DNA sequence: TTTTATTTTGTAAACGTTTACATTTTTCAT
DNA sequence: ATGAAAAATGTAAACGTTTACAAAATAAAA
C-alpha cells in the first residue's frame, strides 16, 4: 500500500501538496498538479480513510440497526432513510440483529467509539441503560419503537389507536371473538397494540378472553403455528388480529389449511401493510404505516443531531391508515 | 469526548499504562489497575476506534453488498455469512445497492481506502475494470454472481445446468411452449439461465421462440406485468419458467387473475427457492440453491484473503437441487 | 545488605492524514 | 531593476491510539 508520503516523494513535492491535490486543488500550479497526479496514478494511491476520518473526527457513515432483515416491513423505511442520507452526503450501513440484543450492543459501542457518526435503531431492544447513556452523548434516533421515559428522539405511529381502529373495524363487521397474535412482550410496541385491542373490546362491551391471546415470534411460521394451536385448543373465535402482517399471513395459511373460509368463518387482520399483504389470497386487511416518511424523518433528525443542531420535536407520531381488504370484508377497498 | 490522555492524567499514570489496561491488563499492578479503571468510569471513556484501527491496519469489519434487500433470496446467504464472520471475530455490515451500480462503486472505494477489511459482493454489477483492479489488491469475493475471465474468487451454482434441469422437468410433464421471464441481460447469471433454457429446448427437439422471452426487473410486480403482457400478446404458452422466484410469484398471480389453472393450463417454475415459494398457492417448483452454505464458503474465502492466506479453489461451484411442487405437477414433492 | 532477576511503568515513535503557519517563488506595478 | 502583493509550496503539529524499548520499582537470591 502506498501512502501520501510515497506519492510526495515520487512527485518531488511535500505531502501537504499531495493532500491539497487530493482535496481538490485550488492553489497548486499546473505542473506540480500534473506531477502529483502522475505519481498517484503510478502508485495506484488511495488515501487511507481511517487516517482521514481520525483527523476530521467524523466518518459520514451511519448505521441502521434492523431487528430482522427478512421482515419486509423495514425495507421501505430503509428507502426513506437512504434517500435522505444521500441528500446529506451520508452513507448508511445496515446491521441485521436477528433479534439478538447482543448485536445491538456491539453497534452501539461502535458508535461510542466513533466508528460511525450516528445510529438509527429500528429496534431498541437493548438494555435501556446502555441506550440512554449512549443517546445522551451520541446521535441516536429510534424509529417504529420507542422507550418509555427515556429521552431518545423517536418517530412512531400511535400503535394504541391503530390497534383500536382495526379491532373496531373487525367488530363492526359483526365479529365478536377476536383472537390476538402478538409478539415479544418486552417490546412496548406490541404492548401498545395489545392495549389498543383491549380498549376496543371494552369500548364495544366485549369481554377480554385470555385464552385468545397468543405470543409468537414475528414470522410467518410462528403465526401459522400459533393459529393452528389456537384452532386445536377448542377456543371459539371468529377473527384473528395479528400484531404484524407476517404473523397474519401465517394465520391465513393455517385457517385455509383447515378449510375455513376467510372472512366468513374467520376474518384476519394484520399490521404494517407489507408488500406481500396485498398479494396474498385473500388480500389482507391491515394498518398502513407511512414507512417511507418514517425513514425520512428519522434520518432528518439524525442529520440534525450529527450536525450538533438542537432538534425540536423529540418524539414524532406519524399518521397511520386502516386498509380494508378482503380478509375482513368481501369487496373491501383494494389498495 | 475524553481521550486516553485524559484518563492517564486523572489516574496519574502514562497513556501506555491506560492502553495496557484497555487491552486486558497482564502486567499492571492491582492498585494502578484500580486507579485507571476508576478514571475510565469517571470520564466515561471509550477508546477511539478510528485511531486504533489506523494503528492496527484493520477494522474487523466487512461489507456485504446486496443488489436489493427486499429480495429474500439473499437473507439466508447473509445468515451463512454472518455466522461464519462471527466465528472469525469479524462483523458484517450490509450495503443495499438498490440495483444502482454507483453504490457498489462507492463501497469498493471504501475498501480500497481501508475503511473495511473486505467485501463480499452478491452483485458484481460494477464496472469490470474497477472490480478487477480492486480484487487484485484487496480482499473481495463474489457470491452467486461471477465474472468472465476475471480472477475474482467466487462461489455460484451451475446456473446453466440448473436451468436445464428445471426446463427438462417442465417438458417431462408434457409442456411444449415454455415462456421465459429473465432479468437484466448484463448479468452473466441470467444469461446462463437463458442458455440452460435454450439447451433444454434443443435437447428436447423444441424450437426457440423469441416472443416467449420477456425481460423483467427481478420483482413480483415486474413478473406480474410481463406475464400479463405475454398473455395479452396472444402468444401461446403452457408453462412459464422465471429466472427468479419473485418473478415467478408475479407470474402465478397474473395467471390466476386471468382464471388459468396452474399447472393444468400453465405450469410455473421459478429459481432460488425463497421462503415464500413454499407458502404461496400453489407452491412453486423451483431450484434450490444451498444458500446458507454459499454464504459460509464465501465468508470462509474472504477470511482467508483478509489473513493474507493463499486460497486454493478460486471459483467454487455449489450443488443445486430441483424442488418439484404443485405449480408444475399435481402432488409434486412438497419440501 | 548487596546483587540479580523480575515485574511494572514510562518515553517516544509510529500509523496516514489535514491544516495553520512560515517560507519561498512568482507576478506585477513602480 | 526594485519592492510589494499574490500565489505556491513546505514544515511541523495534531488527531488518538499501540508498542518497542528504556527505565524504574519490586522481589528473590546470595
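Protein chains in written order, with the numbering used here: chain Z, 1 to 335; chain G, 1001 to 1335. Yeah, the Cβ is synthetic: ideal placement off N, Cα and C, and Gly gets one too. All values reported here derive from a predicted model rather than from experimental measurement.
query, result
"Considering only DSSP beta bridges, list what residue 1057(G) is partnered with.", "Answer is none; residue 1057(G) lacks a bridge partner."
"Beta carbon of residue 1118(G), beta carbon of residue 1260(G): below 9 Å?", "no"
"What are the residues of the stretch 266-289 of chain Z that lie near chain G, defined by any Cβ-Cβ distance shorter than 9 Å?", "275, 276, 279, 280 and 281"
"State the Cα-Cα distance for the pair residue 85(Z) and residue 60(Z), rounded to the nearest angstrom.", "9 Å"
"Interface residues of chain Z around residue 1253(G) at Cβ under 8 Å?", "279"
"Using a C-beta to C-beta distance shorter than 9 Å, which residues of chain Z count as neighbours of residue 1220(G)?", "275, 276 and 279"
"Should residue 208(Z) go down as buried or exposed, given a rule of 16 or more other Cβ atoms within 10 Å for buried?", "exposed"
"Closest Cβ-Cβ distance between residue 291(Z) and chain G: below 9 Å?", "no"
"Who pairs with residue 1242(G) in a beta bridge, going by DSSP?", "1181(G)"
"Using 10 angstroms around the beta-carbon of residue 315(Z), count the other beta-carbons present and answer buried if the total reaches 16, otherwise exposed.", "exposed"
"With distances taken Cα to Cα, identify the nearest neighbour of residue 242(Z) among 264(Z), 236(Z), 219(Z) and 258(Z).", "219(Z)"
"Does DSSP put residue 148(Z) in a helix, a strand or coil?", "coil"
"So the candidates are 1063(G), 1163(G) and 1112(G); which of them puts its Cα closest to the Cα of residue 1138(G)?", "1112(G)"
"Mind listing the chain Z neighbours of residue 1114(G)? Cutoff is C-beta to C-beta under 7 Å, in chain order.", "48, 49 and 50"
"Quick one: residues in its chain with C-beta nearer than 8 Å to the C-beta of residue 25(Z), no 5 flanking neighbours on either side, listed in chain order?", "33"
"Which same chain residues, not among the five before or five after residue 1300(G), have their C-beta less than 8 Å away from its C-beta?", "1084"
"In the DSSP output, which residue or residues are listed as bridge partners for residue 1295(G)?", "Note: residue 1295(G) sits in no beta bridge, so no partner."
"So is residue 1001(G) buried or exposed if we call it buried at 16+ other beta carbons inside 10 Å?", "exposed"
"Quick test of your reading: residue 1188(G) and residue 1148(G), contact by CB under 8 Å. State the CB separation rounded to the nearest angstrom.", "6 Å"
"Using beta-carbon positions only, say whether residue 142(Z) and residue 151(Z) come within less than 9 Å of one another.", "no"
"Under a Cβ-count criterion, where at least 16 other Cβ atoms within 10 Å of its own Cβ denotes burial, should residue 1334(G) be classed as buried or exposed?", "Only weak support exists for where residue 1334(G) lies, its pLDDT of 43 falling under 50; the coordinates are left without a value."
"Return helix, strand or coil for residue 1315(G), following the three-state DSSP convention.", "strand"
"Going by C-alpha distance, which of 1038(G), 1322(G), 1019(G) and 1023(G) is nearest residue 1011(G)?", "1038(G)"
"What three-state label does DSSP hand residue 1032(G) in the structure shown?", "helix"
"How many Å lie between residue 265(Z) and residue 177(Z) at the Cα?", "12 Å"
"Determine which residues share a DSSP beta bridge with residue 1214(G) and list them.", "1181(G)"
"With a Cβ-Cβ cutoff of 9 Å, do residue 1063(G) and residue 1040(G) count as a contact?", "no"
"Nearest to residue 1223(G) by CA position, among 1240(G), 1311(G) and 1251(G), is which residue?", "1251(G)"
"What's the gap between the Cα of residue 1267(G) and the Cα of residue 325(Z)?", "28 Å"
"With a floor of 4 residues, list each alpha helix (DSSP H) that falls wholly inside the stretch 1088-1113 of chain G, ordered by position along the chain.", "1101-1112"
"Looking at C-alpha atoms only, which residue of 130(Z), 307(Z), 319(Z) and 298(Z) is the closest neighbour of residue 313(Z)?", "298(Z)"
"Please list, in chain order, all residues of the same chain as residue 1051(G) whose beta carbon is under 6 Å from its beta carbon, the five residues on each side excluded.", "none"
"Is the Cβ of residue 1096(G) closer than 9 Å to any Cβ of chain Z?", "yes"
"Using C-beta distances below 6 Å, list every residue in its chain close to residue 158(Z), excluding the 5 sequence neighbours before and after it, in chain order.", "317"
"Helix, strand or coil: how does DSSP classify residue 1002(G) here?", "coil"
"Please confirm whether residue 957(G) and residue 1179(G) have their CB atoms less than 9 Å apart.", "For residue 957(G) there is no data in the structure shown, the boundaries of chain G being 1001 and 1335."
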